[in-house]
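Trainee: One structure follows; several queries about it will come next.
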Amino acid sequence: MQLMRKQSNSSDNDSTIECTGQHISAPELKQLIEKSSLNNTRNQINLNGHCLHNESLIPISDLSNMSFNNCNLRGVKFANCDLHNSSFKNADLRKADLYRANLSLANLEEANLHGANLEEANLTEARLLGAKLDYVNLINCVLYRTLIQQKNLGKRIKQELDGDYLNARIVYLRLKENFQSIGAYDSASWAYFRERVAERHSILPFRASKFYVFQLTKEATFFSWLGFYVKYTVKWLSALLLELIWGYGQKPQRVLGFCLSIIISFAFIYGALDGIEKLNGVEPTILELLVYSLATFTVSSLPDIEPVSRVSQIISSLEAILGVTSLALFTTALAQRMGGR
Numbered sequence: 014m015q016l017m018r019k020q021s022n023s024s025d026n027d028s029t030i031e032c033t034g035q036h037i038s039a040p041e042l043k044q045l046i047e048k049s050s051l052n053n054t055r056n057q058i059n060l061n062g063h064c065l066h067n068e069s070l071i072p073i074s075d076l077s078n079m080s081f082n083n084c085n086l087r088g089v090k091f092a093n094c095d096l097h098n099s100s101f102k103n104a105d106l107r108k109a110d111l112y113r114a115n116l117s118l119a120n121l122e123e124a125n126l127h128g129a130n131l132e133e134a135n136l137t138e139a140r141l142l143g144a145k146l147d148y149v150n151l152i153n154c155v156l157y158r159t160l161i162q163q164k165n166l167g168k169r170i171k172q173e174l175d176g177d178y179l180n181a182r183i184v185y186l187r188l189k190e191n192f193q194s195i196g197a198y199d200s201a202s203w204a205y206f207r208e209r210v211a212e213r214h215s216i217l218p219f220r221a222s223k224f225y226v227f228q229l230t231k232e233a234t235f236f237s238w239l240g241f242y243v244k245y246t247v248k249w250l251s252a253l254l255l256e257l258i259w260g261y262g263q264k265p266q267r268v269l270g271f272c273l274s275i276i277i278s279f280a281f282i283y284g285a286l287d288g289i290e291k292l293n294g295v296e297p298t299i300l301e302l303l304v305y306s307l308a309t310f311t312v313s314s315l316p317d318i319e320p321v322s323r324v325s326q327i328i329s330s331l332e333a334i335l336g337v338t339s340l341a342l343f344t345t346a347l348a349q350r351m352g353g354r
């Protein structure tokens with residue numbers, strides 16, 4: 014590898030050291046950094062477009078304020094390195110090891126981080142706009158005012174895809190807090206919803222014995238295990254119902270769909286029971302039954318249609334209760350979304 018120093022018109026301290034070779038090894042980079050440090054030009058090292066494929070840069074602990082734009086850094090080991098304020102724009106960081114790396118204020122825009130390890134990395138105020146973050150390990154990483162886009166994380170994060178639902182919950186909660194810190198409230202809503210979905214997956218009865226078995230003692234009896242499975246079956250069913258009906262408060266449109274299904278279903282129930290009549294004794298049409306069901310759902314009444322049988326009166330009362338509950342759920346979900354939970 015050749016080293017080239019570009020001289021400026023001023024002094025040696027204004028010069029920029031560049032690597033003109035296609036591939037640069039870790040020892041060569043270390044030598045370059047040491048040489049530039051002697052000339053006070055360390056912060057001007059430019060590695061744009063070079064290849065450090067599978068190199069281990071762990072011995073070079075301080076890599077702050079450097080430019081790795083467009084570099085091939087696939088599989089490079091940056092564990093515990095200080096990469097503060099460094100630039101990795103459009104770099105290939107697939108499967109790179111960034112364990113406990115300091116990436117605060119780093120520029121990772123448009124970088125490819127597929128399968129990279131960012132466990133316990135510091136991403137405070139880092140910029141990851143447009144970065145490919147599918148299947149990235151974000152366990153215990155520091156996220157604060159980190160410019161990150163939900164669409165680049167994929168539909169689900171690595172831990173959820175791997176079935177590690179407890180850690181998935183932790184990562185989703187940190188993503189939610191970070192999205193809130195940058196005002197990305199729709200993305201914060203997505204992270205909260207995915208966290209609750211991960212929780213539901215973890216309490217599925219046959220999985221609960223893996224994640225929550227610590228709640229049972231070693232001397233647990235058959236009835237203790239039976240109670241354990243019954244408890245988590247009920248919790249799982251409750252969570253599934255909440256997810257389907259209103260998306261844990263993050264999907265108001267689901268509540269509207271639930272309301273519509275109740276109104277239509279009860280209209281057909283009234284028609285099948287023949288317990289709803291008009292005041293003149295004529296049976297109502299299906300359209301009139303739909304209107305009656307809508308009025309009952311919204312706790313209103315129609316002057317010319319009423320239930321005449323005890324069963325129809327009970328069913329009408331049940332629909333009214335469901336209507337009040339559903340409208341309360343819709344109001345709550347809408348308030349949470351508008352309030353930027």
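Everything in the sequence shown is counted per the numbering used here, starting at 14 for the first residue and increasing by one.
Note that beta-carbon positions come from the ideal geometry of N, C-alpha and C, so glycine has one too.
(1) Assuming F224 contacts L257 under a Cβ cut-off of 8 Å, what Cβ separation, rounded to an integer in Å, is found between them?
(2) For P320, report the span of its beta strand (DSSP E) as first-last.
(3) With which residues is C272 paired in a DSSP beta bridge?
(4) Would you call the stretch 64-72 and the stretch 88-100 touching, i.e. three or more CB-CB distances under 8 Å?
(5) According to DSSP, what are the bridge partners of V155?
(6) Under 7 Å between the Cβ atoms of N191 and T159?
(7) G128 and Y148 - do their beta-carbons sit closer together than 7 Å?
(8) Tell whether a beta-carbon distance below 7 Å holds between L116 and A139.
(9) Since I299 is in the alpha helix (DSSP H), which residue starts that stretch and which ends it?
(10) So is I334 buried or exposed if we call it buried at 16+ other beta carbons inside 10 Å?
(11) Identify the residues that DSSP records as bridge partners of D287: which are they?
(12) Distance, Cα to Cα, V243 vs A211?
(13) Mind checking whether the beta-carbon of I161 lies closer than 6 Å to any heavy atom of the ligand SAM?
(14) Do I152 and E132 count as a contact pair if the criterion is CB distance below 7 Å?
(15) For the alpha helix (DSSP H) containing K189, list its first residue and its last residue.
(16) Do T309 and E332 have their C-beta atoms closer together than 7 Å?
(17) By how many angstroms is the C-alpha of A181 removed from the C-alpha of G34?
(18) Indicate whether N120 and N103 have their beta-carbon atoms separated by less than 7 Å.
Mentor: Answer, in terms of the structure:
(1) No, F224 and L257 are not in contact; Cβ-Cβ is about 22 Å, not under 8 Å.
(2) 318-320
(3) Looking at the DSSP assignment, C272 forms no beta bridge with any residue, so it has no partner.
(4) yes
(5) N135
(6) yes
(7) yes
(8) yes
(9) 299-310
(10) exposed
(11) According to DSSP, D287 bridges with nothing at all.
(12) 20 Å
(13) In terms of ligand content, the structure shown is empty, and the ligand SAM therefore cannot be addressed.
(14) yes
(15) 178-194
(16) yes
(17) Reliability fails at G34, whose pLDDT of 41 lies under 50, so the model's placement of it is uncertain and no value is given.
(18) no
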